[in-house]
Each structure stands twice: as C-alpha cells, then as structure tokens.
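Novice:
In this note's numbering, the protein residues as written are 166 to 615.
Pasting the structure below:
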C-alpha cells in the first residue's frame with residue numbers, strides 16, 4: 166500500500182475505512198469489496214482474528230475456550246465450516262476458519278496491521294477524516310474516507326466490578342481475560358465471580374484443575390446443555406422457529422423440561438422465563454455442581470485482607486479470585502454523541518443496532534448478543550451497510566425509503582432489554598433481528614414505484 170503524508174489529509178475518494186480485523190472487520194471488508202468499494206482496514210495488533218487469535222495482546226481467550234454456539238449456527242452463510250469439524254469448534258479452529266476466510270476472499274491485502282485509529286472526525290458533510298497512528302512509531306497519517314465502519318467488537322475492555330474492600334484485598338485477583346494459562350488454577354482454592362458463560366466455563370476448568378472452586382453468582386440464570394434431543398441445543402431450538410407459535414412453545418417447553426428439572430435439583434434456579442434472556446450454555450457445569458467440585462455461593466459482600474465474605478454469611482480464603490464479569494463496549498476514536506452514547510452509559514443508541522443516529526455514513530458492525538452465532542448476523546449487517554452506501558447517492562428515492570424503514574425498525578426495537586444484567590443491553594432475538602435486517606435489505610433492493 167502507498168504511504169501517506171502526516172502533514173495533510175490524503176483523500177481516499179469513495180473508499181471506506183474499516184476499524185478492526187477481527188471476525189466482524191473481515192466480514193465487512195469482504196462484503197464491501199464484493200460491492201465494488203475500495204477498503205482500508207486498520208488493525209492495531211499485528212495479526213488478524215481479533216479475540217480468536219491468542220497472539221493478539223487484547224484477546225480475552227481463557228483456557229480451553231470453545232464456541233458456546235454450534236457450528237451450523239455460527240458459520241458465515243457464504244463460507245461454511247468443514248463438515249468434519251466438531252459441533253462446537255475450539256478457539257484454535259475458529260482462528261483457522263477466519264484465516265481461511267481471509268485467504269479465500271483475498272482480504273489481507275486490504276488490511277493495515279499495527280495501525281491504531283486515534284481519531285475519527287466528520288468533515289465535508291458525510292465524509293470523515295481518520296488519523297492513523299502506526300505502532301512502529303512512524304508519524305501519524307491523516308486520510309479522508311467516504312464512510313467508516315467500526316468493527317472492534319465488545320470483548321476487549323474488561324468490566325471490573327466494585328466491592329467493599331476490594332482495593333485493599335491482599336489476595337490475587339485476575340479478570341478472566343488475564344487467565345491465559347490453566348496452570349494458574351492448579352492446586353489453588355479458586356473463587357470465580359460472574360454467572361455468565363465465561364464464569365461457568367472457568368468454574369468448570371477450576372473444577373478439574375484446582376484444589377477447590379467456589380462460584381459466586383449474584384442472581385439466578387437459566388442453564389442450557391449443549392445438546393437437546395440428540396442435537397446441538399441452539400440448532401434444535403432454531404428448528405422450531407418454523408412451527409406455529411402455540412406448537413413452538415409446547416415443543417420448546419418439552420425440550421427444556423429435563424434440563425430445567427436438573428437445574429432445580431441442583432439449586433440453580435432462574436429468575437426469568439425461557440424467552441426473556443439468553444441462557445448460560447455449558448454441558449459440564451451441572452455435573453460439577455452435582456459432584457461438589459463446584460460450590461455455588463451468592464453475591465460477594467466484601468473483601469477483607471485475604472478473606473472474602475458472601476451475602477449468605479459464609480466466608481472463604483481464596484488463593485486466586487477470577488472476575489468473570491464480562492466486558493463493556495469501548496470506543497476510543499469516535500466522539501460518543503456520534504454513536505448516540507449519553508451520560509455514563511457505554512452503550513450506543515444506534516439505528517437498527519448498526520447505524521449512527523447522527524451520521525449516515527458511520528456504522529458499527531457486530532455490536533449485538535444474539536444468543537446464536539453472531540457471524541451470520543454480521544454478514545447481513547455489513548451486506549445492508551454496503552448496499553446502503555451504494556444507494557444513498559445513486560438513488561435518492563430509494564435512500565429516503567431506506568431511512569424511513571430503518572427508523573421504523575429501530576422504534577420497534579426500542580423497548581427495555583429483557584435481562585437485568587449489563588450484558589443483556591446488547592441482546593437481540595436472533596430470529597426477530599434477522600427478519601428486521603431482511604426488511605431493511607429488501608427496502609434497499611426494491612425498485613422505487615414509478
């Protein structure tokens with residue numbers, strides 16, 4: 166690629182800037198290129214793959230990470246995973262998959278590695294000036310683009326909770342993103358805090374590696390095994406979507422009766438109905454609770470010296486405390502108001518979960534938690550974004566119809582999040598959201614009335 170001067174902005178014409186070369190960024194580059202756009206993708210690390218690449222210094226991978234959604238529900242629609250892969254691929258297989266995707270579609274030649282976006286500023290109406298800071302210490306470059314797509318993901322900025330006494334605690338505390346080596350658990354008395362998928366996964370690792378494991382959860386949650394009725398659970402449930410609503414509810418209740426009875430027996434109770442929030446997906450957790458290798462506790466009340474007290478009055482002295490408390494969205498280069506971020510909340514307020522409410526050529530890809538694999542949703546998001554960028558100048562009438570459709574879809578999605586945890590602020594019903602994306606894309610592809 167050509168080197169640009171740091172003294173003046175280099176105009177890239179109708180090219181699009183994509184920020185991030187993880188899964189969402191790669192899909193965005195591919196769909197933009199397929200629609201004829203020049204693309205510059207900037208990745209602050211020196212490798213592709215985002216969170217799935219352990220060489221990425223910001224990767225949150227913890228020991229023995231596997232998908233919690235099945236292969237058939239995770240693969241990109243136009244690039245299936247190999248048929249001989251397991252139902253739930255490992256992190257290493259996911260990296261292989263994304264690397265193959267990039268090679269197959271020739272994406273790497275459009276990626277600038279070791280390049281961090283330090284600033285994105287609107288100029289000249291719908292265009293953006295982007296400041297790129299190379300990791301190697303060269304002078305920053307200033308470039309102008311017709312559009313910007315943010316694809317940096319939301320699993321790299323740890324959500325760190327506050328507890329009384331934590332700042333003076335004398336024991337070892339790690340966020341789950343720092344737990345890179347399972348040997349750190351070996352022989353230790355481990356406390357895992359956090360009731361989501363990462364908390365359950367790490368508790369299971371501690372159950373077989375540590376001297377003891379206590380799992381602290383502040384509230385009940387639904388737990389779903391990875392298989393239901395002899396099939397991957399998400400696939401089995403997705404197959405019911407084509408059934409009439411009353412029959413779908415009956416069959417879903419029937420499929421979930423066994424897992425929910427087991428959870429009740431183990432004292433793992435949920436505070437929501439099955440349709441209200443996404444479950445924790447782990448096939449081993451109940452077994453470890455059942456054999457006592459995972460001991461469940463309620464919310465942590467306080468840290469004191471080397472000891473931890475729980476809300477139920479019990480105490481423990483952990484050798485290692487792991488905060489599996491998730492992540493918060495973080496946007497370091499874009500002014501928050503451009504993404505609809507208000508006050509202290511880190512969560513954007515985007516049209517259709519992807520378009521800036523202030524600049525029609527600024528979009529975010531992959532900022533959703535669909536409960537099934539996110540890659541198919543990102544594929545259709547970026548397909549819609551690419552088509553929008555084609556239509557907005559060439560067909561004003563269709564562009565106007567699109568804006569109305571996007572606002573309409575956004576208003577339908579404007580209710581409060583189903584779950585009470587911050588992680589549910591990004592939750593979407595995959596079936597409903599994909600149908601919404603379909604209507605948006607149809608609006609872009611329809612010929613306007615004569």
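Where a beta carbon is used, it is the ideal one built from N, C-alpha and C, also for glycine. Treat the numbers as computed from the prediction; the structure is a model and nothing was measured.
Report the rounded CA-to-CA distance for residue 375 versus residue 369, giving the unit in angstroms.
Specialist: For residue 375 and residue 369, the distance between alpha carbons rounds to 10 Å.
Novice: Check whether the Cβ atoms of residue 334 and residue 468 sit closer than 9 Å, and answer yes or no.
Specialist: Yes, they are a contact pair.
Novice: Using 10 angstroms around the beta-carbon of residue 327, count the other beta-carbons present and answer buried if the total reaches 16, otherwise exposed.
Specialist: Exposed, since its Cβ has fewer than 16 Cβ neighbours within 10 Å.
Novice: Taking the alpha carbon of residue 191 as the point to measure from, which residue in 540, 574, 600 has its own alpha carbon closest?
Specialist: Of the candidates 540, 574, 600, the one whose C-alpha sits nearest the C-alpha of residue 191 is 540.
Novice: Would the stretch 551 to 561 and the stretch 488 to 506 be scored as touching if the rule is three or more Cβ pairs under 8 Å?
Specialist: No, the stretch 551 to 561 is not in contact with the stretch 488 to 506.
Novice: Run the CB neighbour count on residue 607, radius 10 Å, all protein chains shown included, and call it buried at 16 or more, exposed below.
Specialist: Exposed, by the Cβ-count rule.
Novice: Could you pull out every residue in the same chain whose Cβ sits closer than 8 Å to the Cβ of residue 581, ignoring the five residues on either side in sequence?
Specialist: Note that residue 581 scores 49 on pLDDT, short of 50, meaning its location in the model is unreliable; the coordinates nonetheless yield the value given after this. Nothing listed; no residue qualifies.
Novice: When the Cα of residue 536 is compared with those of 551, 589, 525, which residue comes out closest?
Specialist: Measuring from the Cα of residue 536, the nearest candidate turns out to be 589.
Novice: CA-CA distance, residue 618 and residue 487?
Specialist: Past the boundaries of the shown model lies residue 618; the chain is included only from 166 to 615, so the question cannot be answered.
Novice: I need the straight-line Cα distance from residue 569 to residue 365, nearest angstrom please.
Specialist: Between residue 569 and residue 365, the C-alpha separation is close to 42 Å.
Novice: Am I right that residue 295 and residue 308 are in contact with their C-beta atoms under 8 Å? What's the rounded C-beta distance?
Specialist: Confirmed, about 5 Å.
Novice: Say whether the stretch 215 to 232 touches the stretch 334 to 343, bearing in mind that this needs 3 or more beta-carbon pairs closer than 8 Å, one atom from each stretch.
Specialist: In short, these stretches touch, since the Cβ pair count reaches three.
Novice: Please classify residue 409 as buried or exposed, where buried requires at least 16 neighbouring CB atoms within 10 angstroms.
Specialist: By the neighbour-count rule (16 or more Cβ atoms within 10 Å), residue 409 is not buried but exposed.
Novice: Under a three-way DSSP split, which group does residue 238 fall into?
Specialist: Helix, per DSSP.
Novice: Where does the unbroken alpha helix (DSSP H) through residue 567 begin, and where does it stop?
Specialist: Start and end: 561 to 577.
Novice: Out of 352, 276, 263, which has the shortest C-alpha to C-alpha gap to residue 198?
Specialist: Checking every option, the nearest Cα to that of residue 198 belongs to 276.
Novice: Measure the CB-CB distance between residue 210 and residue 302 and report whether it falls below 9 Å.
Specialist: Result no, Cβ atoms of residue 210 and residue 302 do not sit closer than 9 Å.
Novice: Please state if the CB of residue 205 and the CB of residue 672 are separated by a distance shorter than 9 Å.
Specialist: The requested residue 672 is not part of the displayed model; the chain covers only 166 to 615.
Novice: Do the stretch 395 to 402 and the stretch 477 to 494 make contact, defined as three or more Cβ pairs closer than 8 Å?
Specialist: No: the two stretches stay apart, fewer than three of their Cβ pairs being nearer than 8 Å.
Novice: Does the beta-carbon of residue 267 have 16 or more other beta-carbons within 10 angstroms, so that it is buried, or is it exposed?
Specialist: Result: buried.
Novice: When DSSP labels each residue in this structure, what does residue 422 get in the three-state scheme?
Specialist: Correct three-state label for residue 422: helix.
Novice: Between the alpha carbons of residue 566 and residue 544, how many angstroms are there, rounded?
Specialist: Whole-angstrom Cα-Cα distance: 22 Å.
Novice: In three-state DSSP terms, what is residue 366?
Specialist: In the structure shown, residue 366 sits in a helix (DSSP, three-state: H, G or I).
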